[in-house]
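The opening position of the sequence shown corresponds to residue 549 in this note's numbering, with each subsequent residue numbered one higher.
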Amino acid sequence: NYDKQLYCNYSIMPKLYSRKSTYAGGQSLLHFDVLSKKVTDISAGNGYSLLLNEDKEVFVFGSNEHGKLGLGDKTNRNYPIRLEGAVWSEISAGSNHTLLVDQYRNLWSAGSNERGALGLSDNLDRSHITQVVNDINWSKPNAGGTHSLVGVFSYYPNAPTSITAKNSNDSTKAGHYEIE
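Given below as structure tokens:
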């Protein structure tokens, strides 16, 4: 967990939100602490960032190229803006796209859909956060460059209660496993 304070690159945070400046790692930083809730997760992408707080709210800020902030436009944001739409549980900022998992384990995405990175069965960019509709409960989203990797938590409507994975010792194939 992170405390309520956030240090950001001086060039992206407006002075009205700073309380003091500091110098770290060769860069001037601004101290930013207007968030009233504890930040529980941070994810940084290509020129933008996502914050998840203890109330399961997501705040987005930075470059909004391709609409990757999910706010319905392509306007850059110089300070954190709350992303509406759901109670969020997991976040991931990629190069130019965002992945989110909500409290019901639905997957949502926004931004560049190059090579189908948003999981929406097309290659159209999305500036609104858009739900990936399917019968899967998702977990641990990872937005990459032009690709995504998301874990399957379970399937609807009959979620398995336990899965046992066995290594197939007699196989010569790498990554060959049997699930029972």
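Don't be surprised by glycine CBs; every beta carbon is placed ideally from N, CA and C.
Contact annotation, S591 with A641: C-beta distance approximately 4 Å; criterion of less than 8 Å satisfied. Here the region 673-689 makes contact with the region 640-656; the two share three or more CB pairs at distances below 8 Å. Under the DSSP assignment, D650 falls in the beta strand (DSSP E) whose first and last residues are H645 to D650.
The residues D670 and N671, in chain order, have a CB closer than 8 Å to that of G664 in the same chain once the five nearest residues on each side in sequence are set aside. DSSP places K688 inside the beta strand (DSSP E), whose first and last residues are I684 to A691. Annotation: D603 to D650 spans about 12 Å, alpha carbon to alpha carbon.
Look at R653 here: in three-state DSSP terms it is coil, with no helix or strand label. Of E605, N626 and V680, the smallest CA-CA separation from K586 is found for E605.
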